[in-house]
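Accompanying notes for the structure given below.
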Amino acid sequence: MACFRYLRDPLFLGCLFVYFVNRWALKPHWSGGFIHEHLNDLICIPFWVPIMLWVQRRLGLRAWDDPPLAGEIIIPLLVWSWFFEIVLPPSGLVGMRAVADHWDIVYYSLGAALAACFWTWWYRR
1 MACFRYLRDP LFLGCLFVYF VNRWALKPHW SGGFIHEHLN DLICIPFWVP IMLWVQRRLG
61 LRAWDDPPLA GEIIIPLLVW SWFFEIVLPP SGLVGMRAVA DHWDIVYYSL GAALAACFWT
121 WWYRR
């Protein structure tokens, strides 16, 4: 099995590219729909998990360079879904910017599942 490439992982780099294209090229031209409301949710887990694992590796909290394990994908999915869709919206910490939306959790989960499939396939080649 090949070593996980963390911040050089092709899926991470693809999500980084998609985020900036969405932010600077697509969102200014669309006022709603998938591009505006859910694309960032879809790429959330494949974007943040490599960063999280890279930090853990640098701090010595992760002793291996394998692709993300199931728990390393599922735990952030559960924590972030709970925090961003249940805790944060009613707290008022970010004003009216945080809105609870169950579809966000669906897209976080879909992104996590697709990322797990990609990482399993890519790093077993």
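Positions 1 to 125 (the UniProt record's numbering) are the ones given, in order, by the sequence shown.
In this text, a Cβ means the ideal position worked out from N, Cα and C, and glycines have one as well.
### Message
Under DSSP, the alpha helix (DSSP H) around tyrosine 123 begins and ends at which residues?
### Response
For tyrosine 123, the uninterrupted alpha helix (DSSP H) run begins and ends at 102 to 123, by DSSP.
### Task
Classify alanine 2 as helix, strand or coil using the three-state DSSP reduction.
Alanine 2: coil per DSSP, three-state reduction.
### Straight-line gap, serine 91 to leucine 78 (C-alpha atoms, nearest Å)
When rounded, the distance between both Cα atoms is 19 Å.
### Message
Assuming aspartate 41 and aspartate 104 are in contact, meaning their beta carbons sit under 8 Å apart, how far apart are those beta carbons, in whole angstroms?
### Response
The pair is a contact, with the Cβ atoms about 5 Å apart (cut-off 8 Å).
### Query
So, is serine 31 buried or exposed, given that buried needs 16 or more other C-beta atoms within 10 angstroms?
The residue in question, serine 31, is exposed, as its Cβ has fewer than 16 Cβ neighbours within 10 Å.
### Query
Between the stretch 16 to 24 and the stretch 54 to 62, do three or more beta carbon pairs fall short of 8 Å?
With the rule of 3 Cβ pairs closer than 8 Å, the stretch 16 to 24 does not count as touching the stretch 54 to 62.
### 8 Å Cβ shell around leucine 53 - same chain, five flanking residues per side excluded
The beta carbon of leucine 53 lies closer than 8 Å to those of Phe4, Tyr6, Arg62, Pro68, Glu72 in the same chain, with the five residues before and after it left out.
#### Entry: Beta-carbon contacts of leucine 39 that lie in its chain and below 6 Å, excluding the five residues immediately before and after
Excluding sequence neighbours, leucine 39 sits near Asn22.
### Whole-angstrom distance between serine 109 and tryptophan 122, CA atom to CA atom
Whole-angstrom Cα-Cα distance: 20 Å.
### Message
Between the alpha carbons of tryptophan 80 and valine 55, how many angstroms are there, rounded?
### Response
Computed Cα separation, rounded: 17 Å.
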